[in-house]
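**Student:** In order, the protein sequences belong to chains A and B. Residues are numbered in the working numbering as their position in the first sequence, beginning at 1, plus a constant of 765. Residues are numbered in the working numbering as their position in the second sequence, beginning at 1, plus a constant of 765.
Number of protein chains: 2
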Amino acid sequence: MKNRTKQVTIYDIAKSVQVSPATVSRALKDHYSISQETTQNVKRAAKEMGYFPNSPASSLRSKKTNTIGVMVSRINRPFMSTFISGVEAVANEKGCHVFISQSEDKAEKEIENAHAMFSARVDGLIVSLAMDSRSYKHFDVFRNNDIPMVFADRVPLDLEVNKIMIDNFQAAYNATEHLILQGCKRIAHFSGAAHRNIYKQRKKGYLAALKNHGLLADDTLITNSNLGANEGWEMTKKLLNLASPPDAIFSANDTAAVSAIRYAKSMGISVPEKLAVVGFNDDPLASIISPSLTTIAHPAFEIGRMAAAQLFEQKENSALVSSKTTVVKTQLVIRESSMRQG
Amino acid sequence: MKNRTKQVTIYDIAKSVQVSPATVSRALKDHYSISQETTQNVKRAAKEMGYFPNSPASSLRSKKTNTIGVMVSRINRPFMSTFISGVEAVANEKGCHVFISQSEDKAEKEIENAHAMFSARVDGLIVSLAMDSRSYKHFDVFRNNDIPMVFADRVPLDLEVNKIMIDNFQAAYNATEHLILQGCKRIAHFSGAAHRNIYKQRKKGYLAALKNHGLLADDTLITNSNLGANEGWEMTKKLLNLASPPDAIFSANDTAAVSAIRYAKSMGISVPEKLAVVGFNDDPLASIISPSLTTIAHPAFEIGRMAAAQLFEQKENSALVSSKTTVVKTQLVIRESSMRQG
DNA sequence: TTGTAGGCGTTATCAT
DNA sequence: ATGATAACGCCTACAA
């Protein structure tokens, strides 16, 4: 049954049921003023005729797209895809769809994507910033048009918006202190992009723990990178070739931490005895590598849920002043890669 | 600078530049008939005034959304997120955006999503089926309205559409033969949903390899499941408790294979000496678990690219009859989990 | 409870 | 090279 004619519209249904298009429009969304009978007739006809609402038309007229945008660096990271699932869970409950865009950690692409999101007229925006985005002008349009925004994880500190993040300082402090309590004396740190606040905070937490335990910070033990697998490997190599190499590494993500373990293993350096390693994120890799990786767990799904929940709260109650920061607890998950003491 | 008035439209630009809205519309898309000067003036004004095209309006009028839909089971799997990146690479080149939806492997949700995709009036659709979807009626709308579709990876066999898939039979055959050549005699198989073709083919390839090498197939060694981590663990447990347990497992995915290795390790059963394991997909986990996992690699990104390329080909040349099947080569990646012979 | 009519912002057609 | 005008499909005051 090829039916390549025109798409079915509410006018076609109206004709078929012998009511006005307006009535059809109302019936389809269960408007209270339409009689049960008419509503049923309309819906039956709509189904039989293969009607599907035309979202662009509806959006144009109603100025609502029932779509929220989610901007992330990449979806192929465990944290991000789980985070998105959390957002979707709430959005779907509210009858909303989710429009995902990836910046690939490039500011330029993030800007393009933000514009595309606005052109699509999303009803709200959830953002985790690209690694190298430094200006936030591209989000002004949303602000100026009262489109709710929530930033999550990688947030801009100097913007008056809702933010959801973990306590990076405390998490890093705990991770580092754990290494110290395991007897490590020279603890290296893999840090990320220096201007991205989450990495700044992790570094601060690391430094604070050293200081509080009377250990000296050593700049040669602190590296900056994108924290990719290759970077992790190379940084470990360099560190272990130092005149006085570290006896532990606290990495700002798991990817680089896993590389550190693998490099050490490849060189016959025993983990954790000679080199203790702690990561950040609790990616699936962490529990599978051997020795398993001690790391910081944070609830990605829950953070996604919270971000979406706050977004809808803003939409429904726009009187709300919206620049609160929510801090989510993390957990130090101790595994083999740092266990020196029984 | 709060500017919470009305959004800027081409009418506003028209007034400002003193031309008609039609001219603005054309200038903004570099229509050949508009003079360079006017075009520049219009664009400058558009920028200054903070204009962003209203996609819903444009879509309504032009019947093009410049959006293609991608339907997958879940994005938080390495294969899928890489696949999507491949699709996006091509789509972005063509000035298109990508609308992602997740079925969570549930037919019901896949149906809902298909309808939402049609309502959004996507210009094309790329689909990898949900684990348990058996009817394909929900894709009829697209067919009937001449909206191009490409199926990838998990494809329906009995639908006349473009399909891109790997040679599951051959890949499974190779994997199983490899185990046989390593001296394994009782090879178990973790299979997926019985009606999903990719799993059927993998099972067939497995059986064919056994047969060709004079080994008897044993139904007690073949399991069906969703191939999750828990399932992998439990199935391995059961198999190893059999009166005559297997000496190898060929799993239809890496997740379950990794669980098999972990269970064996937890029981002090050495891999690959007592139990050889081969997986499928070459997820990141495969090279990180110890012993590292022998598996089948297939080019996720490339498959995504091809799917998108075929979609645009169909759009641009709709005369094309579109029901070809493209088969992509796979590779057996041999690692430690199956290496019994030096 | 239902119908009428105008408009959302853009683009296509026809005219100039 | 540019303008006028209608139409895309739907929603929503306002009217009945």
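Backbone N, C-alpha and C fix where the C-beta goes; we use that ideal spot for every residue, glycine too.
1) If you draw a straight line from the alpha carbon of Leu-825 (chain B) to that of Ala-822 (chain A), how long is it in whole angstroms?
2) In this structure, does DSSP put Met-766 (chain A) in helix, strand or coil?
3) Using CA coordinates, which residue listed in B:Ile-799, B:Tyr-797, B:Glu-877, B:Arg-886 is at the minimum distance from Thr-832 (chain B)?
4) Quick one, are the C-beta atoms of Phe-848 (chain B) and Ala-1051 (chain B) less than 9 Å apart?
5) As an exercise, report each continuous alpha helix (DSSP H) stretch of at least 4 residues that is fully enclosed by the region 984-1052 of chain A, in chain order.
6) Assuming the contact rule is C-beta atoms closer than 8 Å, Ser-790 (chain B) and Ile-775 (chain B) should be a hit. Round their C-beta distance to whole Å, please.
7) Name, going along the chain, the residues of the region 879-908 of chain A whose beta-carbon falls closer than 7 Å to a beta-carbon of chain B.
8) Given a threshold of 16 other Cβ atoms within 10 Å of its Cβ, counted over all protein chains shown, does Ala-787 (chain A) qualify as buried or as exposed?
9) Would you verify that the beta carbon of Gly-815 (chain B) is, or is not, closer than 9 Å to some beta carbon of chain A?
10) Quickly, what does DSSP pair Ser-956 (chain A) with across the bridge? List them, please.
11) So, under 8 Å CB-CB, Phe-1015 (chain A) and Ile-952 (chain A) are touching, yes? Tell me the CB distance rounded to an integer number of Å.
12) Just to make sure I have the definition right: I need the residues of chain A whose C-beta is within less than 8 Å of the C-beta of Pro-843 (chain B). Which are they?
13) Tell me the rounded alpha-carbon separation between Glu-942 (chain A) and Gly-948 (chain A).
14) Would you mind reading off the limits of the beta strand (DSSP E) that contains Asn-910 (chain A)?
15) The beta strand (DSSP E) that contains Ile-1061 (chain A), what's its start and end?
16) According to the Cβ coordinates, are Ala-936 (chain A) and Gly-970 (chain A) closer than 9 Å?
17) Would you tell me roughly how many angstroms separate the C-alpha atoms of Lys-767 (chain B) and Tyr-901 (chain B), rounded to the nearest one?
18) Taking contact to mean at least 3 C-beta pairs separated by less than 8 Å, is the region 879-896 of chain B in contact with the region 913-920 of chain B?
19) Taking 7 Å as the limit between beta carbons, can you name the residues of its chain near Val-906 (chain A), skipping five residues before and five after?
20) Just the chain A side, please: which residues come within less than 9 Å of Phe-955 (chain B) by C-beta, in chain order?
21) Is the Cβ of Ala-822 (chain A) closer than 9 Å to any Cβ of chain B?
22) Is it true that the CB of Ala-1073 (chain B) sits closer than 9 Å to the CB of Gly-834 (chain B)?
23) Check each residue of the region 995-1020 of chain B: if its Cβ is closer than 7 Å to any Cβ of chain A, include it; give the result in chain order.
24) Who are the near neighbours of Tyr-938 (chain A) in its chain, counting only those whose CB is closer than 6 Å to its CB and skipping five residues on each side?
25) Using a cut-off of 7 Å between C-beta atoms, extract the partners of Phe-864 (chain B) located in chain A.
26) Using a Cβ cut-off of 8 Å, pull out every chain A residue sitting near Val-1023 (chain B), in sequence order please.
27) Taking the Cβ atom as the reference point for each residue, do Ser-838 (chain B) and Arg-899 (chain B) lie within a distance shorter than 9 Å?
28) Considering Phe-1077 (chain B), what are the terminal residues of the alpha helix (DSSP H) in which it resides?
29) Tell me which residues share the same chain as Phe-858 (chain A) and place their Cβ nearer than 8 Å to its Cβ, disregarding the 5 neighbours each side in the sequence.
30) Which of the three DSSP states, helix, strand or coil, is assigned to Asn-927 (chain A)?
**Tutor:** This is what the structure gives:
1) Counting only the Cα atoms, Ala-822 (chain A) lies some 6 Å from Leu-825 (chain B).
2) Residue placement at Met-766 (chain A) is poorly supported in this model, since its pLDDT is 36, which falls under 50; the coordinates still yield a value, given next. It is coil, neither helix nor strand.
3) When each option's Cα is compared against that of Thr-832 (chain B), the closest is B:Arg-886.
4) No; because the gap between Cβ atoms is not below 9 Å, this pair is not in contact.
5) You should have 994-1005, 1019-1031.
6) Their Cβ separation, rounded to whole angstroms, is 6 Å, which keeps Ser-790 (chain B) and Ile-775 (chain B) in contact under 8 Å.
7) Within the region 879-908 of chain A, the residues whose Cβ lies closer than 7 Å to some Cβ of chain B are His-880, Ala-881, Phe-883, Ser-884, Ala-885, Arg-886, Val-906, listed in chain order.
8) Around the beta carbon of Ala-787 (chain A), fewer than 16 other beta carbons sit within 10 angstroms, so the residue counts as exposed.
9) Closer than 9 Å: yes.
10) Answer is A:Asn-989, bridged to Ser-956 (chain A).
11) The Cβ separation is near 6 Å, so the contact holds.
12) Going along chain A in sequence order, the residues near Pro-843 (chain B) (Cβ under 8 Å) are Asn-841.
13) Going by the C-alpha atoms only, they are around 10 Å apart.
14) That residue, Asn-910 (chain A), is in no beta strand (DSSP E); it is neither H nor E in DSSP.
15) For Ile-1061 (chain A), the enclosing beta strand (DSSP E) covers residues 1060-1062.
16) Gly-970 (chain A) is positioned such that its CB atom lies closer than 9 Å to that of Ala-936 (chain A).
17) Low confidence applies here, because Lys-767 (chain B) scores a pLDDT of 37, under 50, leaving its location unreliable and the question unanswered by this model.
18) Judged by Cβ distances under 8 Å, the region 879-896 of chain B makes contact with the region 913-920 of chain B, as three or more pairs qualify.
19) Correct list, in chain order: Phe-883.
20) Result: empty, since nearest Cβ-Cβ is about 18 Å, beyond 9 Å.
21) Judged by the 9 Å Cβ criterion, Ala-822 (chain A) is in contact with chain B.
22) No, these two residues do not count as a Cβ contact at 9 Å.
23) Within the region 995-1020 of chain B, no residue qualifies.
24) Apart from sequence neighbours up to five positions away, the residues of its chain that approach Tyr-938 (chain A) with a beta-carbon distance below 6 Å are Gly-970, Ala-973, Ala-974, ordered along the chain.
25) By Cβ distance, chain A contributes Phe-864.
26) Counting only Cβ-Cβ distances below 8 Å, Val-1023 (chain B) has contacts in chain A at Ile-1053, in chain order.
27) Taking 9 Å as the Cβ cut-off, Ser-838 (chain B) and Arg-899 (chain B) do not qualify as a contacting pair.
28) Under the DSSP assignment, Phe-1077 (chain B) falls in the alpha helix (DSSP H) whose first and last residues are 1065-1081.
29) According to the sequence as given, residue 858 (chain A) is Glu; it is not Phe. Once the five neighbours on either side are set aside, Glu-858 (chain A) has no close Cβ partner at all.
30) Note: Asn-927 (chain A) maps to strand in three-state DSSP.
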